[in-house]
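To start, the structure itself, in structure tokens.
In this note's numbering, the protein residues as written are 709 to 849.
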């Protein structure tokens, strides 16, 4: 399973437990972020419908900061004695993808994924029963 996500004005292809370098993000090392999915590929199934993809979330943990390669720039104007040397290093954030899934499902990966369902109506009904039973058991205790 992999997804295409939007992050920092770019699109990145991400998979579970992959470390991706993206543009600088606000946040501390170890904090969790959520990235919007644009396309999800789950085996043979490709999900690109905006209504259905909007339910998918990609969660990631910030691993740390990184810096890109040094870019040297030289400005020179002939016959004027003008020379100027500049440098730049772009700042990046490294994130580890921890989950790809829908909002209500467990997003820890394919081994803990729930049963496949045919559509959103079936899935909503299947998820509603365990939550109701769990809350009823919590009230009894």
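Heads up, the beta-carbon is just placed ideally off N, CA and C, and yes, glycines get one too.
Computed from a predicted model, the values in this text were never measured in an experiment.
- Ignore the nearest five residues each way along the sequence and tell me which others in residue 761's own chain have a CB closer than 7 angstroms to its CB. 745, 746, 747, 748 and 755
- Query: With burial defined as no fewer than 16 other Cβ atoms inside 10 Å of the residue's Cβ, what is the status of residue 803: buried or exposed?
  - Reply: buried
- Check residue 760 in the structure and name its three-state DSSP category. helix
- Item | Of the residues 769, 733 and 736, the one placed nearest residue 727, counting alpha carbons only | Minimum Cα distance to residue 727 is reached at 769.
- Message: Restricting to Cα atoms, I'd like to know which of 798, 722, 721 and 753 is closest to residue 778.
- Response: 798
- Item | Sequence-distant residues of the same chain with beta carbon closer than 8 angstroms to residue 780, five excluded per side | Contacts found: 793, 794 and 795.
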